[in-house]
Amino acid sequence: MILGVVVSVPIAVFILIYIVNLSDSRYTWDDMDLNGDGMVTFTEAEYVGSSGVREIVVDGKKCFEYFAYKDGLPIKTVCEE
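Under numbering that gives the first Met the number 0, residues 0 to 80 are what the sequence shown spells out, in order.
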């Protein structure tokens with residue numbers, strides 16, 4: 000019985016964190032899908048949850064660069080067509 004509770008609590012916390020990250024209103028599903036496979040994994044949701052967006056210009060096009068707060072490095076860049 001105790002083993003079941005010990006195992007269940009971390010799984011519930013894991014799922015709760017995943018749901019909270021997915022519900023981040025700053026980003027769309029496509030924004031959070033970093034590898035473009037149509038699924039947002041726990042790792043992608045967690046990584047995007049600690050990131051920001053800045054506008055940049057690439058080859059004269061307006062783009063949005065997603066960057067990690069921890070080091071400021073870009074995660075991905077999306078340009079307007």
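No residue lacks a Cβ here, since even glycine has one placed at the ideal position from N, Cα and C.
Residues bridged to Thr40 by DSSP? Along the sequence shown, one-based indexing puts residue 40 at 41. Under DSSP, Thr40 forms no beta bridge with any residue.
When Glu79, Glu45 and Phe66 are compared against Val56, the one with the closest alpha-carbon: Taking the first residue of the sequence shown as position 1, residue 56 is located at position 57. When C-alpha distances from Val56 are compared across Glu79, Glu45 and Phe66, the shortest belongs to Glu79.
Run through DSSP, which three-state label would Ser22 get? Walking along the sequence shown from the start, residue 22 turns up at place 23. Ser22 falls in the coil class under three-state DSSP.
Report the rounded CA-to-CA distance for Arg53 versus Phe63, giving the unit in angstroms. Your numbering for residue 53 matches position 54 in the sequence shown. Your numbering for residue 63 matches position 64 in the sequence shown. If you take the alpha carbons of Arg53 and Phe63, they lie about 6 angstroms apart.
Using CA atoms only, rank isn't needed, just tell me which of Ile14, Gly59 and Arg25 is closest to Tyr65. Reading the sequence shown from its first residue, position 66 is the one you call residue 65. Measuring from the Cα of Tyr65, the nearest candidate turns out to be Arg25.
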